[in-house]
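To start, the structure itself, in structure tokens.
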Amino acid sequence: LEIFLSDYTPPAYLVDTVDLTFKLDPTATRVLSKIAFRPNPDAVDKTFYLHGEQLKLISATIDGKDAQAKVTDLGLTAQAPDAPFIWEAEVEISPSTNTALEGLYMSKGMYCTQCEAEGFRKITYYPDRPDVMGVFTVTIEGSEKVKLSNGNDLGDGKWHDPWPKPAYLFALVAGDLVNLHDTFTTKSGRHVDLNIYVRDGDLHKTAFGMDALKRSMTWDEEVYGREYDLDLFNIVAVDDFNMGAMENKGLNIFNSSAVLASPDTSTDGNFARIETIIAHEYFHNWTGNRITCRDWFQLCLKEGLTVFRDQQFSGDTRGHAVERINDVLQLRARQFREDNGPLAHPVRPESFVEINNFYTATVYEKGAEVIGMLKTLIGDDAYYKGCELYFTRHDGQACTIEDWLKCFEDTTGRDLTQFKLWYQQAGTPRVKVGESYKDGTYTLTFTQSTPATPGQDTKDPRVIPIAVGLLNDAGEEIQATRICEVTDEIHKFRFTGLDAKPVPSINRGFSAPIILERDQSNEERAFLLAHDTDPFNKWESGRALGRDVLVRMVTEDATPDQAYLDALEAVARDDTLAPDFKALCFSGPSNDDIQQALVDAGVTPDPTKIFLASQTFNLSISQSLQDLLPRIYAEMQIDGPYRPVAEDMGKRDWGNAALAMLSRLDGGAQAAKQFATADNMTQQLSALGCLLRAEVGEEQNQAFYDQWKNDRLVMDKWFSMQVMFAKLDAAPKMAKALTEHPDFDMTNPNRFRAVFGALAGNTAGFHSPDGSGYALLADWLIKLDAKNPQTAARMSTAYETWKRYDADRQGMMRDALERIKAAPKLSGDLSEMVTRILNA
Ligand code: ARG
Ligand code: ZN
Numbered sequence: 003l004e005i006f007l008s009d010y011t012p013p014a015y016l017v018d019t020v021d022l023t024f025k026l027d028p029t030a031t032r033v034l035s036k037i038a039f040r041p042n043p044d045a046v047d048k049t050f051y052l053h054g055e056q057l058k059l060i061s062a063t064i065d066g067k068d069a070q071a072k073v074t075d076l077g078l079t080a081q082a083p084d085a086p087f088i089w090e091a092e093v094e095i096s097p098s099t100n101t102a103l104e105g106l107y108m109s110k111g112m113y114c115t116q117c118e119a120e121g122f123r124k125i126t127y128y129p130d131r132p133d134v135m136g137v138f139t140v141t142i143e144g145s146e147k148v149k150l151s152n153g154n155d156l157g158d159g160k161w162h163d164p165w166p167k168p169a170y171l172f173a174l175v176a177g178d179l180v181n182l183h184d185t186f187t188t189k190s191g192r193h194v195d196l197n198i199y200v201r202d203g204d205l206h207k208t209a210f211g212m213d214a215l216k217r218s219m220t221w222d223e224e225v226y227g228r229e230y231d232l233d234l235f236n237i238v239a240v241d242d243f244n245m246g247a248m249e250n251k252g253l254n255i256f257n258s259s260a261v262l263a264s265p266d267t268s269t270d271g272n273f274a275r276i277e278t279i280i281a282h283e284y285f286h287n288w289t290g291n292r293i294t295c296r297d298w299f300q301l302c303l304k305e306g307l308t309v310f311r312d313q314q315f316s317g318d319t320r321g322h323a324v325e326r327i328n329d330v331l332q333l334r335a336r337q338f339r340e341d342n343g344p345l346a347h348p349v350r351p352e353s354f355v356e357i358n359n360f361y362t363a364t365v366y367e368k369g370a371e372v373i374g375m376l377k378t379l380i381g382d383d384a385y386y387k388g389c390e391l392y393f394t395r396h397d398g399q400a401c402t403i404e405d406w407l408k409c410f411e412d413t414t415g416r417d418l419t420q421f422k423l424w425y426q427q428a429g430t431p432r433v434k435v436g437e438s439y440k441d442g443t444y445t446l447t448f449t450q451s452t453p454a455t456p457g458q459d460t461k462d463p464r465v466i467p468i469a470v471g472l473l474n475d476a477g478e479e480i481q482a483t484r485i486c487e488v489t490d491e492i493h494k495f496r497f498t499g500l501d502a503k504p505v506p507s508i509n510r511g512f513s514a515p516i517i518l519e520r521d522q523s524n525e526e527r528a529f530l531l532a533h534d535t536d537p538f539n540k541w542e543s544g545r546a547l548g549r550d551v552l553v554r555m556v557t558e559d560a561t562p563d564q565a566y567l568d569a570l571e572a573v574a575r576d577d578t579l580a581p582d583f584k585a586l587c588f589s590g591p592s593n594d595d596i597q598q599a600l601v602d603a604g605v606t607p608d609p610t611k612i613f614l615a616s617q618t619f620n621l622s623i624s625q626s627l628q629d630l631l632p633r634i635y636a637e638m639q640i641d642g643p644y645r646p647v648a649e650d651m652g653k654r655d656w657g658n659a660a661l662a663m664l665s666r667l668d669g670g671a672q673a674a675k676q677f678a679t680a681d682n683m684t685q686q687l688s689a690l691g692c693l694l695r696a697e698v699g700e701e702q703n704q705a706f707y708d709q710w711k712n713d714r715l716v717m718d719k720w721f722s723m724q725v726m727f728a729k730l731d732a733a734p735k736m737a738k739a740l741t742e743h744p745d746f747d748m749t750n751p752n753r754f755r756a757v758f759g760a761l762a763g764n765t766a767g768f769h770s771p772d773g774s775g776y777a778l779l780a781d782w783l784i785k786l787d788a789k790n791p792q793t794a795a796r797m798s799t800a801y802e803t804w805k806r807y808d809a810d811r812q813g814m815m816r817d818a819l820e821r822i823k824a825a826p827k828l829s830g831d832l833s834e835m836v837t838r839i840l841n842a
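Position in the sequence shown (first residue = 1) + 2 = the numbering used here.
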């Protein structure tokens, strides 16, 4: 059933208080609810309706009398008074057989919940929509050592959360858990107890998460003036979890991969990701919980803003240049791909079948870009002033994008109607750049257009903040960054008083999430790579150079040109550049980057050809730098214990980039040494990657397995590495073999993603010309869908690019999609996804 933003109506009844009692039992948990309802004066439709799915109704009363409820598969209706009343119900549910991991379920013997977006209706009958907020009191009965819910601990498994909240923020955890305890004092003196709860054996992996939590709490006080509002903040790590983590009020639940960290078992990348996710969930306390969404179409109101906030935090913590480059890499790899394919949708969608399918890169990452552009357009002071108004005006409310934007209109006096198009129009804008120079005046002409997307044939011009700086031919900056506010379809900007035609640096810091179309010479790119003061565009210029080289290698069988190799060598030798920045300059364009460039040039991408060209490309770079590599590698080695700090991470990044290049020349000799002596996972895993890529890592691969077979999170890496580094059609074969490994467990989303996420990410492997990658994934998505529709649906995005390819590949991908679509008892989740992908 498709639902529409335009059909929103206020709820018929509002909730004051909710009392829940859980009598825990793996197959027959009883949930008793006592809910105080009152009629909503603003309601249009007065029907008393409660959502409820997969519940066994034992009894239901209204003010003590049988409610005579009419029950369907999706909920119930009853005759309710036009006055406040008490609803009481008892239902039975079976957490141990709940493999969808939504509602109340079990993970390795512990009870836990995931309610966002619409999982609470699998726990009890309730108006399960975010604009209905109540004060929850919860009693948990069971023999478990630890029993947790939201808010304050009243003892004996009783919990009270004083903050009214929508049902999607409800949480319950029960199990024989252990915890790391710490405390935090807020700036106004509130004493907060902090805990991270884990299963026995994981306690040594909690220290970093705790530290990240405390730093997040301080940061939100300092930057946004936001303090924590309860005496207790609990985090729980769960092995089986569909997403990264969930911001339930006072009881955040995390995928164990998103919170547990130790130097031995976690890479630098893991540490950075954990820090970001801890911050993200904590920041939701204000942007999401205190102020929530009126309906699920407004999801970006909390997610885009909270991602923007976690990116700011990570930038402050680890350095803004590298943070920005990494964020844009992510955006382009996931969001641009989505926005330019069959699944394109506005940051605020206008309709959906299954809301779980809209926790997307567009809502999250493009949603964050929109906040960034707002800040750029109105300036920092106005931005924080507007936020302050938002927090005071809307505290305790369920809001819309209109409410959010109004705060900035009111504080700045600016009309944001055109800006709002960023929330309403799907598709990545293309901006053509024209330039002219005459008599000391340099003119930039921007022409914007956005291709049609599903359901949106035409687009209006948006307001686009394009940051521009100018350099002279000596490489000096003669015009500091200025924001060109593009509002018309064709918009000109003049720079006067110049001595000669300047070199422009356009869209600095990636100030707008657009695709720039500009005929830029490779000389100019090399010049900007060497001289631009904006770190993002400096990196971007190198990236564009590399992309151009690779595209010509694919289309014209060219060889890497010396100019590019020289430019890279200059980066490698430049002592003023930070190691992590150098590593990014050497990361090279991704397979998907090249594909998008080819599509834009009207060439059908052939993943096999691109892979082979990339091999040659990387080998040439390694050869051209071969004299330098041993020195770089040696200089980047760190004495002393592992520290997850930006400085050391940068050195390991650059050192391991050098190792990867060396390994293409020495057959893996240096990598084997590093593998044998590594005392942390970052060093061990990157060495293993080099060996697997060189196809000489069999022994080390086995040793890695033997060493780590009892660590679930490390085993996920082991599964995924083998698929990631398998060449061409060896990748689907490897994935298939791994599904037969005794440690493969399709019901654990991390393990499933380790194998099939790696397969989808191995472009040349997934797109093997024999179609084996497509077929294998289809088989497993059908199998998984019967147990866990949410994760199956999410992974079906592997096919979203199918229209890019040649007729053979298109045909095989269509067959795979049709086969999924025709599977018996297909879930609504997966069916919506394959239908949208096919209808492109
Ligand atoms: N709100 C969570 C977060 O962004 C994600 C929840 C995802 N839930 C879902 N059903 N897709 O941190
Ligand atoms: Zn979030």
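From the three backbone atoms N, C-alpha and C, an ideal C-beta is built for every residue, glycine too.
- Sorting THR606, SER622, ASP521 by C-alpha distance to the C-alpha of ALA565 places SER622 at the top.
- For the ligand ZN, the residues with a Cβ under 6 Å from any of its heavy atoms are, in chain order, HIS282, HIS286, GLU305, THR308.
- In the structure shown, ASN539 adopts helical secondary structure according to DSSP, grouped into three states.
- Around the CB of VAL365, 16 or more other CB atoms lie within 10 Å, so the residue is classed as buried.
- For the 8 Å CB-CB criterion, GLN724 and ASN703 form a contact.
- Its chain contains HIS769 as the residues whose beta carbon lies nearer than 7 Å to that of ARG811, once the 5 sequence neighbours on both sides are disregarded; these appear in chain order.
- Residue range 193-201 is occupied by the beta strand (DSSP E) that includes ASN197.
- Taking the Cβ of GLY246 as the reference point, at least one heavy atom of the ligand ARG falls within a distance shorter than 7 Å.
- According to the DSSP secondary-structure assignment, THR23 is paired through a beta bridge with LEU34, THR141.
- From the listed residues PHE39, ASP44, MET135, the smallest Cα separation to GLU90 is found for PHE39.
- The straight-line gap separating the alpha-carbon atoms of ASN790 and ASP817 is approximately 22 Å.
- Rounded to the nearest angstrom, the gap between the Cα atoms of ASP202 and GLY211 is 17 Å.
- Cβ-Cβ distances below 8 Å link MET748 to THR741, PHE754, TRP782, LYS785, LEU786, LYS789 in the same chain, with the five nearest sequence neighbours on each side left out; the list follows chain order.
- When the Cα atoms are used, GLY317 and LEU307 turn out to be separated by approximately 15 Å.
- Note that the region 257-270 touches the region 673-684; at least 3 beta-carbon pairs, one per stretch, sit closer than 8 Å.
- Annotated three-state conformation of SER829 is coil, per DSSP.
- Boundaries of the beta strand (DSSP E) harbouring PRO164: 160-167, taken from the DSSP string.
- By the Cβ neighbour-count rule, THR430 is buried, with 16 or more other Cβ atoms within 10 Å of its own.
- For ASN236, the beta-bridge partners assigned by DSSP are ASN197, LEU253.
- Rounded to the nearest whole angstrom, the C-alpha separation of LEU472 and ARG510 is 11 Å.
- The beta carbons of ALA673 and LEU693 sit closer together than 8 Å.
- Looking only at PRO348, LEU446, ASN358, THR837, the smallest Cα-Cα distance to GLN426 is reached by PRO348.
- Bridge pairing for ASP568: absent [DSSP].
- Secondary structure of SER513 (DSSP, three-state): coil.
- Secondary structure of ILE634 (DSSP, three-state): helix.
- For ALA119, the CB falls within less than 7 Å of some heavy atom of the ligand ARG.
- Judged by pairs of C-beta atoms under 8 Å, the region 529-540 touches the region 466-482, as three or more such pairs exist.
- Taking C-beta atoms as the reference points, LEU253 and VAL238 count as a pair closer than 8 Å.
- If you draw a straight line from the Cα of GLU55 to the Cα of ARG320, it comes to about 44 Å.
- As the crow flies, the alpha-carbon of CYS114 is around 26 Å from that of ARG296.
- Judged by DSSP secondary structure, HIS53 falls outside any alpha helix (DSSP H) and instead within the beta strand (DSSP E) spanning 50-53.
- Judged by DSSP in its simplified three-state form, THR803 adopts coil rather than helix or strand.
- Within its own chain, the residues whose Cβ lies closer than 7 Å to the Cβ of GLY669, once the five positions on either side in sequence are excluded, are ALA696, VAL698, listed in chain order.
- The beta-carbon separation of PHE310 and ALA370, rounded to 4 Å, stays under the 8 Å limit for a contact.
- In the DSSP assignment, the residues bridged to VAL148 are GLY177.
- Residue range 443-451 is occupied by the beta strand (DSSP E) that includes GLN450, with no alpha helix (DSSP H) assigned at that position.
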